[in-house]
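J.:
Numbering (the working numbering), first residue to last: 30 to 427.
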């Protein structure tokens, strides 16, 4: 309504066409509903179609008001309006704001504290930036983001100050740290918290991987991709599944130190998307390169991926054997899930006594893990074990 009212002040006959609605929604979203931004964008529809306005929104900082007559010069463009507010911040607040602006997906409190790096009280700085409307706070998720149009202003500021290279490196380093933190935390009792954090950080991880690729920084590409690939087995994040496959198929990464782990994670990812020939290809290469490797946990994933192929082909004895091989080589926090899978194969193979024995072994392994996903998997397999003889007893497990 505000957009239409402003547009009609310049073009009285203006009416919003249905075909323009989607473009207008995107314009308003990217302007974050800022009143001045809406006014300035609305004044352009007398000059250009809505689609052209949307395509030129990267120049929104310098849209003129088109007003006639005397006016305060600070209201002529968004850039000078934002600049006048930015200048009211003290230097540490400005530095923190520029650092946050590099993160397209916003930041959490931990990242704010890392970026502040002892430069005063980060919470005081954070309050000041939210109060000045430079940051949007979401108390429920504990995340903070810079308004789109403010981020454009700050990006120009970072370039003008010669801080671009340092800002990009800091962004990449922090994304590596967050990926490691998620990998370490997601298998424990706080799994739901780390799951939400993973999803909230996806825009940052995407941007970081793209930036690292552009710079030829293969170490950073690996250090973001591999930890995340280790935690998505239980999650519907198909995009991250494909990242591991891309790494394994990248010829520039063929001779890397972490090649076995990359191949094993790619095999697991191929299993998740149902590409069984790729599972075999990646796991075969992982085993060929495995001689002398100390990364037994990576090989465990390769064994598990191969077991899944056998399982879906109805080769249950082979599947159980390979999953037990995976459990023997895995980290303690993953050994229980692989043992559960072996129990599932034995169940489908009709060896119910052996399946029960394996479930009891899995219970011991899972006792200290705390992962809700693994507990749910264990309950599902209990249901599969009970269903053929006692459906009523299976239902609570499901």
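Think of the CB as a built atom: it goes at the ideal place given N, C-alpha and C, for glycine as much as any other residue.
Remember, predicted model here, so these are calculated numbers, not experimental data.
(1) Per DSSP, what are the beta-bridge partners of residue 173 in this structure?
(2) Report buried or exposed for residue 458, applying the criterion of at least 16 other Cβ atoms within 10 angstroms of its Cβ.
(3) Identify which residue in 260, 267 and 251 has its Cα closest to the Cα of residue 283.
(4) Assuming residue 135 and residue 197 form a contact by the criterion Cβ under 8 angstroms, report the distance between their Cβ atoms to the nearest whole angstrom.
(5) Can you give me the C-alpha to C-alpha distance between residue 375 and residue 382, rounded to a whole angstrom?
(6) Which runs of the alpha helix (DSSP H) fall wholly inside the segment 212-243 and span at least 4 residues, in chain order?
(7) Measure the CB-CB distance between residue 126 and residue 118 and report whether it falls below 8 angstroms.
(8) Please state if the CB of residue 132 and the CB of residue 200 are separated by a distance shorter than 8 angstroms.
(9) Let me know the secondary structure DSSP gives residue 40 once reduced to three states.
(10) Measuring straight from C-alpha to C-alpha, what distance separates residue 99 and residue 187?
(11) Roughly how many angstroms separate the alpha carbons of residue 297 and residue 377, rounded to a whole number?
(12) If you draw a straight line from the alpha carbon of residue 411 to that of residue 50, how long is it in whole angstroms?
(13) I'd like to check one pair, residue 300 with residue 249: are the Cβ atoms closer than 8 angstroms?
(14) Pick from 399, 229 and 350: whose alpha carbon is nearest that of residue 167?
(15) Do you know whose CA, among 380, 386, 405 and 54, lies nearest residue 417's CA?
(16) In the structure shown, what three-state DSSP assignment does residue 191 receive?
(17) Looking only at C-alpha atoms, which of 189, 390 and 324 sits nearest to residue 360?
(18) Just to confirm the assignment, what range does the alpha helix (DSSP H) spanning residue 352 have?
(19) Below 8 angstroms between beta carbons: does that hold for residue 72 and residue 39?
(20) Looking only at its chain, what residues have a beta carbon closer than 7 angstroms to the beta carbon of residue 402, apart from the 5 residues adjacent to it on each side?
(21) Using DSSP with H/G/I as helix, E/B as strand and the rest coil, what is residue 66?
(22) Output the distance between the C-alpha atoms of residue 236 and residue 190, rounded to the nearest integer angstrom.
(23) Quick check on residue 412: does DSSP put it in helix, strand or coil?
(24) So, with DSSP's three-state summary, where would you put residue 309?
(25) Which same chain residues end up closer than 8 angstroms to residue 273 when comparing Cβ atoms and leaving out the 5 residues on each side of it in sequence?
(26) Could you check if residue 408 is buried or exposed, using at least 16 other CB atoms within 10 Å of its CB as the buried criterion?
(27) Do residue 356 and residue 339 count as a contact pair if the criterion is CB distance below 8 angstroms?
(28) What residue does the alpha helix (DSSP H) around residue 323 start on, and which one ends it?
(29) Let me know if residue 421 comes out buried or exposed under the rule of 16 or more other beta-carbons within 10 Å of its beta-carbon.
(30) Classify residue 343: buried if its beta carbon has 16 or more other beta carbons within 10 angstroms, exposed otherwise.
(31) Thinking residue 53 and residue 45 are a contact (beta carbons under 8 angstroms), I'd like their distance in whole angstroms, please.
(32) Could you check if residue 315 is buried or exposed, using at least 16 other CB atoms within 10 Å of its CB as the buried criterion?
(33) So, with DSSP's three-state summary, where would you put residue 95?
(34) Just verifying my parser: in three-state terms, what is the DSSP assignment at residue 418?
(35) Sorted by chain position, which residues of the same chain lie with C-beta nearer than 6 angstroms to residue 332's C-beta, five sequence neighbours on each side aside?
(36) Excluding the five sequence neighbours on either side, which residues of its own chain have a C-beta within less than 6 angstroms of the C-beta of residue 130, listed in chain order?
T.: By the coordinates alone:
(1) In the chain shown, the residue the question calls residue 173 occupies position 144. For residue 173, the pairing in a beta bridge is given by DSSP as 136 and 166.
(2) The structure shown does not extend to residue 458, since the chain is modelled only from 30 to 427, so the question has no answer here.
(3) Along the chain shown, one-based indexing puts residue 283 at 254. With distances taken between Cα atoms, residue 283 lies closest to 251.
(4) Start at 1 with the first residue of the chain shown, and residue 135 comes out as number 106. Start at 1 with the first residue of the chain shown, and residue 197 comes out as number 168. 17 angstroms between Cβ atoms; not a contact.
(5) As a working mapping, residue 375 is identified with position 346 in the chain shown. As a working mapping, residue 382 is identified with position 353 in the chain shown. For residue 375 and residue 382, the distance between alpha carbons rounds to 9 angstroms.
(6) Complete alpha helix (DSSP H) runs here, min 4: 220-229 and 231-243.
(7) If you number the chain shown from 1, residue 126 lands on position 97. If you number the chain shown from 1, residue 118 lands on position 89. With contacts defined by Cβ atoms closer than 8 angstroms, residue 126 and residue 118 form a contacting pair.
(8) The residue labelled residue 200 in the question sits at position 171 within the chain shown. The residue labelled residue 132 in the question sits at position 103 within the chain shown. Result yes, Cβ atoms of residue 200 and residue 132 sit closer than 8 angstroms.
(9) To locate residue 40, count along the chain shown from 1; it is residue 11. In the structure shown, residue 40 sits in coil (DSSP, three-state: anything other than H, G, I, E or B).
(10) For the purposes of this step, residue 99 is identified with residue 70 of the chain shown, where counting begins at 1. For the purposes of this step, residue 187 is identified with residue 158 of the chain shown, where counting begins at 1. Unreliable placement is indicated for residue 99, whose pLDDT of 47 sits below 50; the coordinate value is still reported in the next sentence. One C-alpha to the other measures close to 33 angstroms.
(11) Translated into the one-based positions of the chain shown, residue 297 becomes position 268. Translated into the one-based positions of the chain shown, residue 377 becomes position 348. If I take the Cα positions, the gap works out to 22 angstroms.
(12) Position 382 of the chain shown, counted from the start, is the residue given in the question as residue 411. Position 21 of the chain shown, counted from the start, is the residue given in the question as residue 50. Residue 411 and residue 50: Cα-Cα distance of roughly 51 angstroms.
(13) Looking up residue 249 in the chain shown gives position 220. Looking up residue 300 in the chain shown gives position 271. Not a contact, by the Cβ cut-off of 8 angstroms.
(14) As a first step, residue 167 must be located in the chain shown, where it is residue number 138. Minimum Cα distance to residue 167 is reached at 229.
(15) The residue labelled residue 417 in the question sits at position 388 within the chain shown. Among 380, 386, 405 and 54, the Cα nearest to that of residue 417 is on 380.
(16) The residue labelled residue 191 in the question sits at position 162 within the chain shown. Annotated three-state conformation of residue 191 is coil, per DSSP.
(17) Indexing the chain shown from 1 puts residue 360 at position 331. Restricting attention to 189, 390 and 324, the CA atom closest to the CA of residue 360 is found in 324.
(18) Counted from its first residue, the chain shown places residue 352 at position 323. 345-358 is the extent of the alpha helix (DSSP H) around residue 352.
(19) The count along the chain shown starts at 1 and reaches residue 72 at position 43. The count along the chain shown starts at 1 and reaches residue 39 at position 10. Yes. Within cutoff.
(20) Sequence index remark: in the chain shown, residue 402 carries index 373 (1-based). Short of 7 angstroms from the beta carbon of residue 402, and not among the five residues preceding or following it, lie these beta carbons of its own chain, in chain order: 220 and 263.
(21) Here residue 66 refers to the residue found at position 37 when the chain shown is read from its first residue. Looking at residue 66 - three-state DSSP - the assignment turns out to be helix.
(22) Locating residue 236 in the chain shown gives position 207, where the first residue counts as 1. Locating residue 190 in the chain shown gives position 161, where the first residue counts as 1. Looking at the two C-alpha atoms, the distance is approximately 22 angstroms.
(23) The residue you call residue 412 lines up with position 383 of the chain shown. Here DSSP, grouped into helix, strand and coil, assigns residue 412 to helix.
(24) By one-based count along the chain shown, residue 309 stands at place 280. Residue state, collapsed to three classes: helix.
(25) Mapped onto the chain shown, residue 273 falls at position 244. Sequence-distant partners of residue 273 (beyond 5 residues in either direction) whose C-beta falls short of 8 angstroms from its own C-beta, in its chain, are 254, 255, 258, 291, 294, 295, 297 and 298.
(26) As a first step, residue 408 must be located in the chain shown, where it is residue number 379. Looking at its Cβ environment, which holds fewer than 16 other Cβ atoms inside 10 Å, residue 408 is exposed.
(27) Within the chain shown, numbered from 1, the residue matching residue 339 stands at position 310. Within the chain shown, numbered from 1, the residue matching residue 356 stands at position 327. Contact flag unset, no.
(28) Translated into the one-based positions of the chain shown, residue 323 becomes position 294. No alpha helix (DSSP H) holds residue 323; DSSP gives it neither H nor E.
(29) Stepping through the chain shown from its first residue, residue 421 is reached at position 392. By the 10 Å Cβ count, residue 421 comes out exposed.
(30) As a first step, residue 343 must be located in the chain shown, where it is residue number 314. Residue 343 should be labelled exposed.
(31) By 1-based counting over the chain shown, the position of residue 53 is 24. By 1-based counting over the chain shown, the position of residue 45 is 16. By a beta-carbon distance limit of 8 angstroms, residue 53 contacts residue 45. Their separation comes to about 7 angstroms.
(32) Start at 1 with the first residue of the chain shown, and residue 315 comes out as number 286. The Cβ neighbour count for residue 315, taken over all protein chains shown within 10 Å, is at least 16; the residue is labelled buried.
(33) The residue labelled residue 95 in the question sits at position 66 within the chain shown. With a pLDDT of only 47 at residue 95, under the threshold of 50, the placement of this residue in the model should not be trusted; the figure read from the coordinates follows. Of the three classes helix, strand and coil, the one that applies to residue 95 here is coil, per DSSP.
(34) Against the chain shown, residue 418 aligns to sequence position 389. The answer is coil: DSSP assigns residue 418 none of H, G, I, E or B.
(35) Residue numbering aside, residue 332 sits at position 303 when the chain shown is read from its first letter. For residue 332, where only same-chain residues beyond five positions count, the Cβ hits under 6 angstroms are 351, 354 and 355.
(36) In the chain shown, counting from the first residue as 1, residue 130 sits at position 101. Excluding residues within five positions, the ones whose Cβ falls inside 6 angstroms are 175, 180 and 183.
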